[in-house]
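Enquirer: The numbering of the sequence shown is the working numbering, which starts it at 4 and goes up by one.
All C-beta atoms, glycine included, are put in the ideal place defined by N, C-alpha and C.
Since this is a predicted model, take the numbers as computed values, not measurements.
Pasting in a structure now, in structure tokens, and then I'll have a few things to ask.
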Amino acid sequence: MKIKVDSCVCNPEKIIKGANIRIKSSLLKDKNIQFDCSNSIAYPPFINSHDHLISNWYPKAGFGKIYPNVNIWVEDMKKTDSFLERNKIWINDGSFDLTEKIANQIASLGIYKNLFSGCAVVQDHIPKQKPIYYKDNPINILENYAQHHSLSMGNWWGGESAEEEYTKTNGSVPFIMHLGEGTDELSRECFPKLKELKLLKSNTLLIHGIALTKDQIKACAMAGTSICWCPNSNYYLIGKTLDIDACLEYGVNVVLGTDSTMSGSINLLEELKFAHHKFPHIPMKQIFKMITTNAAKALMLPEEYGAISNNTSNLLLIKKHDPDPFRNLLQVQMEDIELLIHQGTPIYGDVKFLNEFIVNKDDYYFYGNNRFVLGHPENITDSINQRLGYKKDFPFLPF
Ligand SMILES: [Zn+2]
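What follows is the structure, encoded as structure tokens:
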């Protein structure tokens, strides 16, 4: 399959105008079939570096308050309508076993949130699950990582101490931990503790970092430590976000994450827009890096992620609304995604593309105006509606 596009953003530094992209897939009926998509732009599929798949309920779980640290919100959150509604479907028994049937269904909802916004990879910040959790999903749920919840709350949801978890990485997989999610003393204490525990490493990915000072951000840059920016969630809970300008000034490897919809954006497309809205002086190219090459580096992903060539088995094809491919991202809605291919498999988009692949149509859900998605998210919502006794809408699902 060849797709002629307006431009192909191979990586943040390389854009090919008028590219004719060749799709590598063993599933193609005719390898030379040609599509003319001259009004579309090709990108590498996006990477969401921070989510909690099990917590993608809606609306946000809060009382419109600003919290000095996230620990207080975690308690308040349990009294919100959103949390209590999710409890009707799944009650967290503290085991955090997301392979259990109902838990797995809710986590799958989070997978679809990411898929429908053009992500081929998501980091689900949760204690390591049984291997089956990471298998046979329509997109890649990062499997190789070690994690700690936070130095302020410990690994309350499962797992060992921060030092023991870090040791498991052998330096070759990312060590992921929330840090400084607040503005108070408790939040400020986290970074000195991180240094003391010798966890400021090049394979460390810190989530949020709201409490970090300029000097501490500089230390992250020098250590090669990555930081995940979740501006929407930060403003909602804490009323403040990471000092992103200092991060960019010192050259920190910054990545972008949505967090769950209980505190953050409804998906990564909205997170991009929010980041731009709050920080319009940051070039969109820089924000694009955060969801592609920077994320691939922080999550230590194989080379196929974060960039594409014009001969590729991964593709995100999006309608062109703006001639600048980076600014185009500010206009994108879920339905503007014409095609998402991951590892040669079409997973989401317009049916005209799917028809050119040898696939079992029963493996797909078809909806709307000739749209397809791999898997059956409609079974998840049907089951939720049945259990609730009314129709529940999730704004990150396009059907
Ligand atoms: Zn989080």
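Just mark E168 as buried or exposed, buried being the case when its beta carbon has 16 or more other beta carbons within 10 Å.
Expert: Taking the first residue of the sequence shown as 1, we reach residue 168 at position 165. Result: buried.
Enquirer: What are the boundary residues of the beta strand (DSSP E) that R374 is part of?
Expert: One-based indexing of the sequence shown puts residue 374 at position 371. Start and end: 374 to 377.
Enquirer: DSSP has V124 in a bridge; who is on the other side?
Expert: The residue you call residue 124 lines up with position 121 of the sequence shown. Paired residues: I50, N143.
Enquirer: Bridge partners of C11, per DSSP?
Expert: The residue given as residue 11 occupies position 8 in the sequence shown. Per DSSP, I19, A45.
Enquirer: Near Q132, which residues of its chain fall below 7 Å by C-beta distance, leaving aside the five closest residues on each side in sequence?
Expert: In the sequence shown, the residue the question calls residue 132 occupies position 129. Only L101, T102 meet the Cβ criterion.
Enquirer: Taking the continuous beta strand (DSSP E) assigned at F369, which residues delimit it?
Expert: Counting from 1 along the sequence shown, the entry for residue 369 is found at position 366. Run containing F369: 367 to 370, per the beta strand (DSSP E) assignment.
Enquirer: At 4 residues or longer, what runs of the alpha helix (DSSP H) sit wholly inside the stretch 173 to 255?
Expert: Fully enclosed alpha helix (DSSP H) runs of 4 or longer: 188 to 191, 193 to 199, 217 to 226, 234 to 240, 247 to 253.
Enquirer: Report the three-state DSSP secondary structure of I24 (helix, strand or coil).
Expert: For this step, residue 24 is matched to residue 21 along the sequence shown. Residue state, collapsed to three classes: strand.
Enquirer: Look at L56 and D127 and say whether their C-beta atoms are less than 8 Å apart.
Expert: Working through the sequence shown from its first residue, we reach residue 56 at position 53. Working through the sequence shown from its first residue, we reach residue 127 at position 124. Contact flag set, yes.
Enquirer: Please report the Cβ distance between E381 and Y368, rounded to the nearest whole angstrom; I am assuming they are in contact, meaning their Cβ atoms lie under 8 Å.
Expert: Indexing the sequence shown from 1 puts residue 381 at position 378. Indexing the sequence shown from 1 puts residue 368 at position 365. Indeed, because the Cβ distance is near 5 Å, the residues count as touching under 8 Å.
Enquirer: Can you tell me whether D96 is helix, strand or coil according to DSSP?
Expert: By 1-based counting over the sequence shown, the position of residue 96 is 93. Three-state result, D96: coil.
Enquirer: Between I210 and ligand 1, is the CB less than 7 Å from at least one heavy atom?
Expert: Taking the sequence shown and counting its residues from 1, one reaches residue 210 at position 207. Within the cutoff, so yes.
Enquirer: Let me confirm a value: D54 is counted as buried when at least 16 other C-beta atoms fall within 10 Å, else exposed. Which label applies?
Expert: Taking the sequence shown and counting its residues from 1, the one referred to as residue 54 is at position 51. D54 should be labelled buried.
Enquirer: Of the choices K201, E16, S111, K355, whose alpha-carbon is the least far from that of I290?
Expert: Residue mapping note: residue 290 aligns to position 287 of the sequence shown, counting from 1. Cα-wise, what sits closest to I290 is E16.
Enquirer: Run through DSSP, which three-state label would Y169 get?
Expert: The residue you call residue 169 lines up with position 166 of the sequence shown. In this structure, Y169 counts as helix in the three-state DSSP scheme.
Enquirer: Give a yes or no on contact between the stretch 62 to 82 and the stretch 138 to 150, applying the rule of three or more CB pairs nearer than 8 Å.
Expert: The stretch 62 to 82 is not in contact with the stretch 138 to 150.
Enquirer: Hey, quick one: how far does the alpha helix (DSSP H) through P380 stretch, first residue to last?
Expert: Taking the sequence shown and counting its residues from 1, the one referred to as residue 380 is at position 377. Segment 380 to 391, the alpha helix (DSSP H) holding P380.
Enquirer: Going by the C-beta, is D218 closer than 7 Å to any heavy atom of ligand 1?
Expert: As a working note, residue 218 is residue 215 in the sequence shown. No, since every heavy atom of ligand 1 falls outside the 7 Å radius drawn around the Cβ of D218.
Enquirer: Does any heavy atom of ligand 1 sit closer than 7 Å to the C-beta of D79?
Expert: Here residue 79 corresponds to residue number 76 of the sequence shown, with the count starting at 1. Flag unset: Cβ of D79 not near ligand 1.
Enquirer: Quick one: what does DSSP say P401 is sitting in, helix, strand or coil?
Expert: As a working mapping, residue 401 is identified with position 398 in the sequence shown. In this structure, P401 counts as coil in the three-state DSSP scheme.
Enquirer: So what's D325 in DSSP terms, helix, strand or just coil?
Expert: Taking the first residue of the sequence shown as position 1, residue 325 is located at position 322. D325: coil per DSSP, three-state reduction.
Enquirer: Here's the rule I'm using: 16 or more other beta-carbon atoms within 10 Å means buried, otherwise exposed. How should K116 be labelled?
Expert: Numbered from its first residue, the sequence shown carries residue 116 at position 113. That one is buried.
Enquirer: Roughly how many angstroms lie between the CA atoms of S205 and S229, to the nearest whole one?
Expert: As a first step, residue 205 must be located in the sequence shown, where it is residue number 202. As a first step, residue 229 must be located in the sequence shown, where it is residue number 226. Computed Cα separation, rounded: 7 Å.
Enquirer: Check for me: the alpha helix (DSSP H) holding T296 runs from which residue to which?
Expert: As a position in the sequence shown, residue 296 is number 293, starting the count at 1. T296 -> alpha helix (DSSP H) spans 296 to 301.
Enquirer: So that I know if they touch, is there some Cβ in chain B lying closer than 8 Å to that of K91?
Expert: Chain labels in this structure do not include chain B; a single protein chain is all it has.
Enquirer: So which of L342, L251, S268, D385 has the shortest CA-CA distance to N410?
Expert: The requested residue 410 does not occur in the structure, where the chain is confined to residues 4 to 402.
Enquirer: Mapping DSSP to helix, strand and coil, what is V257?
Expert: The residue labelled residue 257 in the question sits at position 254 within the sequence shown. In this structure, V257 counts as strand in the three-state DSSP scheme.
Enquirer: Quick check: is any heavy atom of ligand 1 less than 7 Å from the C-beta of D262?
Expert: Mapped onto the sequence shown, residue 262 falls at position 259. Yes, ligand 1 has a heavy atom inside 7 Å of this Cβ.
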